[in-house]
Every structure is written in C-alpha cells, then in structure tokens.
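In our numbering, the protein residues as written are 3 to 280. Glycine is no exception: its CB is placed at the ideal position from the N, C-alpha and C atoms. Here the structure is a predicted model, which means the values were calculated and not measured. This report refers to the structure that appears directly beneath it.
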Amino acid sequence: MTDPNFSIEFFPPKTAEGADKLRIARGKLAELRPKYFSVTYGAGGSTQQGTLDTVLEILAEGHAAAPHLSCVGGSKESIRAVLEQFKSHGIHRLVALRGDLPSGYGGAGEFRYANELVEFIRAETGDWFHIEVAAYPETHPQARSPQDDLQAFVRKVQAGANAAITQYFYNADAYFQFVDAARKAGVDVPIVAGIMPITNTTQLMRFSDMCGAEIPRWVRLKLASFGDDSASIKAFGLDVVTQLCERLLAGGAPGLHFYSMNQAAATTAIWNRLVTPQ
Ligand code: FAD
Numbered sequence: 003m004t005d006p007n008f009s010i011e012f013f014p015p016k017t018a019e020g021a022d023k024l025r026i027a028r029g030k031l032a033e034l035r036p037k038y039f040s041v042t043y044g045a046g047g048s049t050q051q052g053t054l055d056t057v058l059e060i061l062a063e064g065h066a067a068a069p070h071l072s073c074v075g076g077s078k079e080s081i082r083a084v085l086e087q088f089k090s091h092g093i094h095r096l097v098a099l100r101g102d103l104p105s106g107y108g109g110a111g112e113f114r115y116a117n118e119l120v121e122f123i124r125a126e127t128g129d130w131f132h133i134e135v136a137a138y139p140e141t142h143p144q145a146r147s148p149q150d151d152l153q154a155f156v157r158k159v160q161a162g163a164n165a166a167i168t169q170y171f172y173n174a175d176a177y178f179q180f181v182d183a184a185r186k187a188g189v190d191v192p193i194v195a196g197i198m199p200i201t202n203t204t205q206l207m208r209f210s211d212m213c214g215a216e217i218p219r220w221v222r223l224k225l226a227s228f229g230d231d232s233a234s235i236k237a238f239g240l241d242v243v244t245q246l247c248e249r250l251l252a253g254g255a256p257g258l259h260f261y262s263m264n265q266a267a268a269t270t271a272i273w274n275r276l277v278t279p280q
C-alpha cells in the first residue's frame, strides 16, 4: 500500500494508571507513523481538561494531534474559550461534533447540531483549524431518514468542514453507497472510514447498539460461538476487520481512522497485515 493515510483515536484516561497505560500504547502506535492522533471530548465539556492534557502530551512527543470538540450543552462563550485555548497551544486541527448529553443533564445549550458548531468555528477563527466532522454510512440513530441524515452531513461540509470521519461499520457497501450519495449531493471532501477493531464481543455489542452500527448476522453468530475464548475472538476479528480495510482501500477510501480504545495490539495487528500482504 502506498502513502497510508490513517489516524488513531484515544479517549482521555480517567486515572493516573490509565494515563500510564495510554503512554505505553501510544509509544507502540506511534511506530506505525499515523498522520495524527485524535482525542475524544466528553459531552457537555466533561473531559475538557483531560482532552487538552492528552493532546498536549501527544504534541510534546512530536506527533500531530487533534482534540475532538462537542458543542451540545455548551454556550457560545464556553466554546469560544475552548477554541482560544486550543489556539494558544498551537493546535490547528480538530474534530467538531454535536455530542450526546447524558440523560438528566440540564439545558441543551446554544448549539443544536454540529453544522452550527462548524459555522461558529469558522466565524470565530477563520481558517485556523482543519475541521473534521462525523459521517454515518449506516445512518445516525436519531436521524428522521437516511436522506435527512445525508443533508445534515452536507450542511456540515457547507459550513466549512475540510474532511469527515465515519462512524464504524462492518458493511463496506454502506460506506461506498454513502460516499456515492455524498458526491452526488456535491460533497467533495475526503470521507475517511472509521474502523473499530473487534476484540471483545460484549463491548462491541454494547457500543454498536448505542451508536447504530450493524454487526452482520454471520459475524454476531461467529462471535457468540466463541463464548469467552478471547484468542479466537481476536483472531476472527483481525481477519474480518483486515478484509474490511482492504476492501475499503481498494474501493477508494482516502484513509482509515482507528478507534483504538487506548489499546495498541489490535490496531497494530490490522495495520501490519495491511502493509505486509499475507
Ligand atoms: P450532527 O451532525 O449534529 O447530527 C446529529 C443528529 O441530528 C443526526 O441524526 C442528524 O441527522 C440530525 N440533524 C442534524 N441537523 C438536523 C436538523 N437541522 N434538523 C433535524 N435533525 C438534524 N461524541 C462525543 O461526545 N465526543 C467525541 O469526542 C465524539 N467523537 C466522535 C468521533 C467520530 C468520528 C464520530 C463518528 C462520532 C463521535 N462522537 C463523539 C459521537 C457523536 O457525538 C454522536 O454520534 C452524536 O449523536 C452526533 O454528533 P454529530 O456531530 O454527528 O451530530
């Protein structure tokens, strides 16, 4: 594979032990020379400091880094302050999201949807930031329809996004169909495929239910048949996800964004298989 364009996502660790583990994982993942690392942002700003601290550590290690920024629950004033903070640290890249408020969380804030955040970032900071937004090949769970969701995506790009990262999926056709529809709707920015390695059946099922990613029946059945046999789950997951990545890249995906879950092993194994054909 030539010119691999890929990025790796972390979440901010909650404990000192988690931070140490992430440093070790990051050291291993840095050897793969990703284009950048991104760090998620808790809805309502709940991880604001942790996100910034993790991004600053990554930058200090000499790697490119992008904080995520979610706007739901935020005010223009609070988001402006975060943008100023990012700028003051020389951060030039971010992933702009609406986010999801936990139930019981107070007011909805001044932003309803991510396109409003992208518009605000452009109005406040011009071209300072390279902005990525989220895209949903299998449709966002709250969307009224796939067509409505595509229009919401188009609005984020029209508001000034430079590129998109998709929610993870295991149906390559959903990605190709989404990209085609986006191109027909006039979107010409890169749409990087989000990749979730498969290492743990329970965790995968839980996340997928929450975010609307479909686990194909044959994959679910196979995973269920392995029970607690973690080695078989990982070996099978490696095959399935590597083949997905190969198909995506062969079909023109401009890059891959790995949801690493702060672990190095699965992303490294997939990447090594991709760059060293078996
Ligand atoms: P939006 O693009 O605003 O869309 C949200 C929903 O609203 C969609 O159903 C859309 O169709 C609908 N919609 C949009 N505009 C309108 C309108 N005008 N009228 C009616 N409906 C509309 N979450 C976090 O909290 N922190 C993170 O760091 C984070 N990182 C992520 C990274 C990636 C790559 C992805 C794919 C997701 C990430 N998420 C993160 C999850 C994300 O916040 C949720 O999926 C959230 O529910 C939607 O965010 P969004 O930016 O896609 O929202």
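Exercise. If you scan the region 122-189 from start to end, which runs of the alpha helix (DSSP H) of 4 or more residues do you find wholly inside it?
Worked result: 148-160 and 174-186
Problem set entry | Selected residue, minimal CA-CA separation from Pro256, among Cys247, Met263 and Asn264 | What you label residue 256 is simply residue 254 of the sequence shown in a count that begins at 1. Closest by alpha carbon: Cys247.
Exercise. When the Cβ atoms of the region 126-143 are set against those of the region 91-98, are three or more pairs found closer than 8 Å?
Worked result: Under the Cβ criterion (8 Å, minimum of three pairs), the region 126-143 counts as touching the region 91-98.
Exercise. What is the C-beta distance between Leu250 and Tyr172, in whole angstroms, given that I count them as a contact (C-beta under 8 Å)?
Worked result: Position 248 of the sequence shown, counted from the start, is the residue given in the question as residue 250. Position 170 of the sequence shown, counted from the start, is the residue given in the question as residue 172. Not confirmed; about 11 Å, so no contact.
Exercise. Using the beta carbon as the reference atom, which residues fall closer than 5 Å to any heavy atom of the ligand FAD, ordered along the chain?
Worked result: A Cβ closer than 5 Å to some heavy atom of the ligand FAD marks a residue here, and those residues are Thr42, Tyr43, Ala45, His70, Ser72, Leu99, Arg100, Gly101, Asp102, Tyr115, Ala116, Ala136, His142, Gln144, Ala145, Asp151, Ala154, Ile167 and Gln169.
Exercise. Counting pairs of Cβ atoms below 8 Å between the region 226-235 and the region 263-273, do you hit three or more?
Worked result: With the cut-off at 8 Å, the region 226-235 and the region 263-273 do not touch.
For this session: Assuming Leu103 contacts Cys73 (C-beta within less than 8 Å), just tell me the rounded distance between them.
Result: By one-based count along the sequence shown, residue 103 stands at place 101. By one-based count along the sequence shown, residue 73 stands at place 71. Not confirmed; about 11 Å, so no contact.
Problem set entry | Three CB pairs or more closer than 8 Å across the region 36-45 and the region 63-81 | yes
Problem set entry | Sequence-distant residues of the same chain with beta carbon closer than 8 Å to Lys16, five excluded per side | Locating residue 16 in the sequence shown gives position 14, counting from the first residue. For Lys16, where only same-chain residues beyond five positions count, the Cβ hits under 8 Å are Gly52.
Exercise. What are the boundary residues of the beta strand (DSSP E) that includes Val97?
Worked result: Numbered from 1 along the sequence shown, position 95 holds the residue referred to as residue 97. Counting along the chain, the beta strand (DSSP E) containing Val97 begins and ends at Arg95 to Leu99.
Exercise. Any idea what DSSP makes of Ile197, helix, strand or coil?
Worked result: Here residue 197 refers to the residue found at position 195 of the sequence shown. In the structure shown, Ile197 sits in a strand (DSSP, three-state: E or B).
Exercise. In or out: Pro139 buried (at least 16 other Cβ within 10 Å) or exposed?
Worked result: Here the question's residue 139 lines up with position 137 in the sequence shown. Looking at its Cβ environment, which holds 16 or more other Cβ atoms inside 10 Å, Pro139 is buried.
Exercise. Within 10 angstroms of its Cβ, does Phe13 collect 16 or more other Cβ (buried), or is it exposed?
Worked result: Here the question's residue 13 lines up with position 11 in the sequence shown. Answer is buried; the Cβ neighbour count reaches 16.
For this session: Helix, strand or coil for Glu112, going by three-state DSSP, please let me know.
Result: As a first step, residue 112 must be located in the sequence shown, where it is residue number 110. Reduced to three states, the DSSP call for Glu112 is coil.
For this session: Pick out whichever of Val243, Gln153 and Val57 has its Cα sitting closest to the Cα of Asn117.
Result: Indexing the sequence shown from 1 puts residue 117 at position 115. Nearest of Val243, Gln153 and Val57 to Asn117, Cα basis: Gln153.
Exercise. Within the chosen definition, does the region 154-164 reach the region 181-196 through at least 3 CB pairs nearer than 8 Å?
Worked result: yes
For this session: Could you tell me the distance, in whole angstroms, from the CA atom of Gly196 to the CA atom of Glu79?
Result: Indexing the sequence shown from 1 puts residue 196 at position 194. Indexing the sequence shown from 1 puts residue 79 at position 77. Approximately 31 Å, taken between the alpha carbons.
Exercise. According to the neighbour-count rule (16 or more other Cβ atoms, all chains shown, within 10 Å of its Cβ), is Met198 buried or exposed?
Worked result: Reading the sequence shown from its first residue, position 196 is the one you call residue 198. Classification for Met198: buried.
Exercise. For Leu85, which residues of its own chain have a beta-carbon under 7 Å away from its beta-carbon, when the five flanking residues on both sides are left out?
Worked result: For the purposes of this step, residue 85 is identified with residue 83 of the sequence shown, where counting begins at 1. Setting aside the 5 residues that flank it on each side, Leu85 is surrounded in the same chain by Ile123, Glu126 and Thr127, each with a C-beta closer than 7 Å to its C-beta; the list follows chain order.
Exercise. Just the Cα atoms here: how many angstroms apart are His259 and Ala267?
Worked result: By one-based count along the sequence shown, residue 259 stands at place 257. By one-based count along the sequence shown, residue 267 stands at place 265. Approximately 15 Å between the Cα atoms of the pair.
Exercise. How about Ala166 and Ala136: are their beta carbons less than 8 Å apart?
Worked result: Along the sequence shown, one-based indexing puts residue 166 at 164. Along the sequence shown, one-based indexing puts residue 136 at 134. Judged by beta-carbon spacing, Ala136 lies within the 8 Å limit of Ala166, meaning their Cβ atoms are closer than that value.
For this session: Ignore the nearest five residues each way along the sequence and tell me which others in Leu61's own chain have a CB closer than 7 Å to its CB.
Result: Taking the sequence shown and counting its residues from 1, the one referred to as residue 61 is at position 59. Answer for Leu61: Ala67, listed in chain order.
Problem set entry | DSSP-derived helix/strand/coil call for Leu258 | Translated into the one-based positions of the sequence shown, residue 258 becomes position 256. Residue state, collapsed to three classes: strand.
Exercise. In the structure shown, what three-state DSSP assignment does Ser40 receive?
Worked result: Taking the sequence shown and counting its residues from 1, one reaches residue 40 at position 38. Note: Ser40 maps to strand in three-state DSSP.
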